[in-house]
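In full-length UniProt numbering, the protein residues as written are 1 to 130. Just below is one structure, and these are the notes that go with it.
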């Protein structure tokens with residue numbers, strides 16, 4: 001696959017996973033400093049990795065959310081939790097199960113922060129059960 005095909009495939013997956021609004025905002029915020037980075041992640045993260053056939057999109061979402069907990073990358077964690085709930089067909093219970101699993105493997109402090117962050121998103125999206 002050449003770079004343009006990889007870029008196009010990556011943009012399609014990126015839009016499907018994160019939603020058009022987020023991707024449009026990201027594109028609108030491009031500048032001379034970050035354009036090359038945005039192009040690289042579109043081609044490689046989205047166009048090369050997310051398009052691979054072995055894992056389905058749901059599995060990849062679970063892996064990303066769990067990895068963001070492990071790394072303490074809370075901006076990316078919030079982005080992917082919100083996208084999973086709004087665009088990916090995930091329920092709050094799906095997110096809760098990921099975080100319970102991560103509490104064991106990443107530690108309670110990381111999971112504690114993840115629960116706080118995810119709870120705010122669940123509430124923001126109007127998905128919090130009474």
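For each residue, glycine too, the CB sits at the ideal point set by N, CA and C. Owing to the predicted nature of the structure, the values given are computational and were not obtained by experimental measurement.
It is roughly 17 Å from the alpha-carbon of residue 57 to the alpha-carbon of residue 97.
DSSP places residue 41 inside the alpha helix (DSSP H), whose first and last residues are 35–41. Contact annotation: residue 114 and residue 77 have beta-carbon atoms nearer than 9 Å. Counting C-beta pairs closer than 8 Å gives three or more between the region 84–93 and the region 60–67, which meets the contact rule. Under the three-state reduction of DSSP output, residue 54 falls in the coil class, being neither helix nor strand.
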